[in-house]
Amino acid sequence: MASNKIQFRSIHELKDPTLTQKLAQKEFIEEIPVDEINAAEENANTPLTSRRDFLKIAGFSTAAVALAACESPVIKTIPYVVKPHNIIPGVPNYYASAYYDGYDFASVLVKTREGRPIKINPNPAAKGFGCTNTRAQASVLSLYDNDKVKQPKLDKKDATFDALDTYALKSLEGASASGKKIVLLSHSLPSPTFKKLFADFKEKYPTAELVIYDAIPLAANLDAAQEVFGMRALPVYDLTKAELVVSFQADFLEMFNGQSLEHSYAEARKPGKGMLRHIQVEANMSLTGANADTRYRLKPSAVLNTLVEVYKGLDGETSNKEAKEILKELKAKGNKAVVLADGSKAAIVLSHLINQKLASSAFTGEACFLKEYDGERYKQLLSWLNAGEVDTLIINNVNPIYSSNQGEAFKTAATKAKNIISFCDKKHEVYDISKAVIPVANWLESWGDIAPQTGVYALTQPTIQKIFKPRQLEESLLVWINGKDSEANNYYDYLKANATTILHNATFNQALYHGINETPNIAGRLSYTGGDAEAAINEIASFKATDFELTLYTNSIGDGTQANNPWLMELPDPITRLSWDNYLTISPKDAEKLGIKNKLNARMQLDGDKVNLSVNGKVILKDVPVFIQPGQADGSLGIALGYGKKNSGKVAATGINAYPLFDGVNFNINNIKIEKTGEDYEFAGMQLQNTLMGRYDIAKEVSLNDFINVPFDDPKKGWNKPLEYHTLNGSLPAEKITLWDSYDDTDGHHFNLSIDLNACTGCGACIIACQAENNTPVVGKQEMRMSRDMYWLRIDRYYSADIPENLDTDKDGKLTPEEAVAGGLDVPGMYGNAFTDGGILNHAAENPKVIFQPVMCQHCNNAPCENVCPVAATSHGKQGQNQMAYNRCVGTRYCANNCPYKVRRFNWFNYAMNDKFDYQMNNDLGRMVLNPDVVVRTRGVMEKCSLCIQETQATILKAKKEGRKVTDQEFQDSCACSAACSSGAMVFGDMNDKDSKVRELFASDRRYYLLEELGARPNVFYHTKVRNNGVEN
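Residue numbers (our numbering): 14 to 1046.
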């Protein structure tokens, strides 16, 4: 009997029976250019083939994928017409490139799969330049930002480049004929080829002017360099040549002088004689301050006065207590010391002059060219605009309306220009005032070059075809110089021709392969030629101490360029451990005085008060949440820049825009007042327990003096005594006692991960790298607030507690139960309880010492999680990994309950394709960043760190195919966190390789296991942190 059932494949087909026929007709909107691709394939191996032509050959076209996804509810991939010989489906390709967005620079390796970038790795050949911070790691997700401007616009309507260029050429020719100015306003672009190109542009249009504007311009640093060195470039320091660094508000591990000193800092901080000692003088608890051996917490005016006293004291005496202590060490170290300062021109000038007096060997004389802002030049632009002298204003991916306290003044002045052409990434304030808009090309879609430093030259190459219809500034300038359809409009050819004149003993292709190159043709060295100390001291004296002073700073969001990146917005701040917010930081004492509170609700979620902030009696910021920060100087406040962007995407709107407080030069502001609004604010905190609560064996530390002079296993004073158990047969090492059957792990590979607490700075680059590699979802503020983060790797931050002197009998800064009992202290007095706010160990010190500890799955050989899973979804692999079989997991969560390290994560929802979590996994473009080697987990499944097993297996198979042994560096690069670590704190490798770095580290006296007393026998081990307390010993 025939069936009358209606057969359909989707709800869409049920509603429209003709849908299948329509989709078949629309599957390819335009015919695939087979002939063109075949021709390109024939020429693929010739030297004439450009990188862009090669990308045309690569299948899985981004544009085609996006188009197919838009046209039907069924997502389809387009197969290769002709497969390129050097692309193998399933095998990644790596391209050396240079990341630069006007704020950060890094030489990187871009990992691509079938023509789409999915991950950023450091370029090992670049050494210090290859250090990738959180923003560099997360920049690959910004490529797939669904909120970006996608189409050229004229009068806010979609337009073609032909129409836009017609308008631009008419504007430029009209301006040139009238004698009025053409101004290109851009962020810093230290590109030799761009400089040459703009010179050609100016030759074509003689009234053209280039003006630089940066949201974080480092104007004070550049002005100070101009005064002291006679050159507008930033000095480069090498901390490996120093034994003492004294920093006055310089956050040199985050961003200082256009760069981070993390690489040389980590090298210099290796424990032993000559280990770098670090003194920090600051108001805010910065990332750099948290890593200091000694930290003075002073309000900004006191920091500046201390710096003045240090300068004076080099040739005389001082009564300033802090300056005396610092001077004693500076004089003892001499040229092995270096002083860094930030925040104002005067402070930076004095630091340069101190280094000159010390003849500091850390001053290399090399110049950093990554920042080019000139405040006087920018003021000149505003005067031109207000005087009506500018006909055409070209704005290249900057937004002074958002990122300046004079934003409205710029907006008023800019609208007086007859024509405004802007390169925009979002539909923000500059987009609104522009006549013509060109979408910004992401750095991963662009050709370019960068001269970051004396003798260094880097190249940027595209790793994907342009996703929508963006165009580089350089490509546009070529069109406007040569006219439309000119053969000379190929920027790749222009770049190659110019790069050849810069490179030294290398061809263009060789330089492109290495990514970064040394060449004497990038010239410029710094030497001390001036500096007015008296003027600097007088300027500092004009900054009067007031009841409250504010310091502006940057965190993982940076200057806000990538504020719409959910990876960065969700990343917890390394100090406060809060995500999805910026806030005003205040000291506990000031908070108590003003009645400002942070409190936990019944669900153990953090809430805080809101305030209005005024400067000189005028309210500047309203409804600012306040976070009580241990280590904050009394009388000081802090707030991060880069948040609260309008019309730049849902994520970018998070937080408060603090740029109205920033004058573009000084990061310190006095005469601040705050007033409670009476409203509460909900924070998303990832770590609410701030101290170790007396469990000092979790994150161990020792003074350098004891590390050198006391044996680690000394029975009385040993600082890393091996764990022993007392048994009927006497004391036995913990490793000899187990209830588990042992097995042979010496056959094949056996992986371990080493984590050095002395090298870890808490930067968080490893977290973003892990997230990119393993498709970890973004869950949003509310889920973070519910403690439902999905990170496979976290970095715990612990503060020290203030121990009363009468209790700390051995003067080691720790309170043991024996000392507490001897001092008459009860348990609530030691730890606190649910009914009181007491407990010595429960509260961070006023000026705490900080320790960072990365924690992920420890891959225990005797794993507590494995024996409680009722369906064997988690088991132990022969190579040492604790493995997850997602399709077996039924979500009992027994494993999470039994894990002592709390590193397992449960998928409470489907985070992909879910409007509740409207981030990158909820749109077709954003999902292109997903790693196809790692499955996207679904609701009800437990997940955790896998030690990147997909990469280790790929590495093993590659070596097997090539008939060779896997090198130690290959394994090190196969684990995302260790590969991303700029400080070398994480080292991954094969314990069965006798020459491996991880095996060498296993033999260290500093090595210990986390919670070793549980007998889980992890395959992750830690190294004790060493503090160089210097003369304090």
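We treat Cβ as the ideally placed atom computed from N, Cα and C, and that holds for glycine.
Model, not experiment: these values are computed from the prediction.
- Between I808 and I780 the beta-carbon gap is near 7 Å, inside 8 Å, which marks them as a contact.
- Proximity of the region 413-420 to the region 376-390 falls short of the contact definition, fewer than three beta-carbon pairs being nearer than 8 Å.
- When secondary structure is reduced to three states using DSSP, Y226 falls in the coil class, being assigned neither helix nor strand.
- Taking C-beta atoms under 8 Å as the contact rule, D981 and K1007 fail to qualify, at a distance of about 10 Å.
- Looking at the backbone, the Cα of E786 and that of E964 are separated by about 9 Å.
- Contact fails between the region 442-451 and the region 359-366, because fewer than three Cβ pairs, one in each stretch, are under 8 Å apart.
- T968 carries a helical assignment under DSSP once its states are collapsed to helix, strand and coil.
- Look at S987 here: in three-state DSSP terms it is helix.
- Less than 8 Å separates the beta-carbon of M582 from that of V664.
- The C-beta distance from H763 to Q892 rounds to 6 Å, short enough to meet the 8 Å contact threshold.
- In this structure, DSSP gives S184 a helical state, which the three-state scheme calls helix.
- When DSSP states are grouped into helix, strand and coil, T513 belongs to the helix group.
- 8 Å or more divides the Cβ of S996 from the Cβ of C961.
- For the region 471-512, the full-length alpha helix (DSSP H) segments reaching 4 residues or more read 486-495 along the chain.
- Remark: C-beta atoms of A430 and V450 do not approach each other more closely than 8 Å.
- Between N920 and V954 the beta-carbon gap is near 5 Å, inside 8 Å, which marks them as a contact.
- Setting aside the 5 residues that flank it on each side, G496 is surrounded in the same chain by L182, each with a C-beta closer than 8 Å to its C-beta; the list follows chain order.
- Contact annotation: I225 and S204 have beta-carbon atoms that are not nearer than 8 Å.
- Within the same chain, T542, G543 come within 7 Å of G243 by CB-CB distance, once the 5 residues on both sides are set aside.
- Two segments are said to touch when three or more pairs of C-beta atoms, one from each, lie closer than 8 Å; by this definition the region 802-820 touches the region 699-709.
- Three or more Cβ pairs drawn from the region 1028-1043 and the region 760-776 lie within less than 8 Å of each other, which places the two stretches in contact.
- Runs of the beta strand (DSSP E) spanning 3 or more residues and lying entirely within the region 256-339 occur at 257-261, 290-295, 307-310, in chain order.
- Annotation for W593: M582, E583, T667, A697, K794, M797 place their beta carbon closer than 7 Å to its own, counting only its chain and skipping 5 residues before and after.
- D620 is bridged by DSSP to K612, E695.
- Buried is the label assigned to N855, since at least 16 other Cβ atoms lie within 10 Å of its Cβ.
- When secondary structure is reduced to three states using DSSP, I669 falls in the coil class, being assigned neither helix nor strand.
- Inter-residue distance for G378 and L539 is about 5 Å (C-alpha atoms, whole angstroms).
- Boundaries of the alpha helix (DSSP H) around P579: 579-583.
- Contact check for L654 and G573: beta-carbon distance about 7 Å, within the 8 Å limit, so the pair qualifies.
- Relative to L525, the option among L508, I535, N534 whose CA is nearest is L508.
- Ranked by Cα distance from K140, the options Y218, R940, A993 are led by A993.
- The Cβ-Cβ distance between L490 and N409 does not fall below 8 Å.
- With fewer than three CB-CB distances shorter than 8 Å, the region 316-336 does not count as touching the region 263-271.
- With distances taken between CA atoms, I131 lies nearest to L938 out of L1024, K973, L938, L398.
- About 6 Å separates the beta carbons of F930 and V792, which is inside the 8 Å limit, making them a contact pair.
- Two segments are said to touch when three or more pairs of C-beta atoms, one from each, lie closer than 8 Å; by this definition the region 817-830 does not touch the region 670-686.
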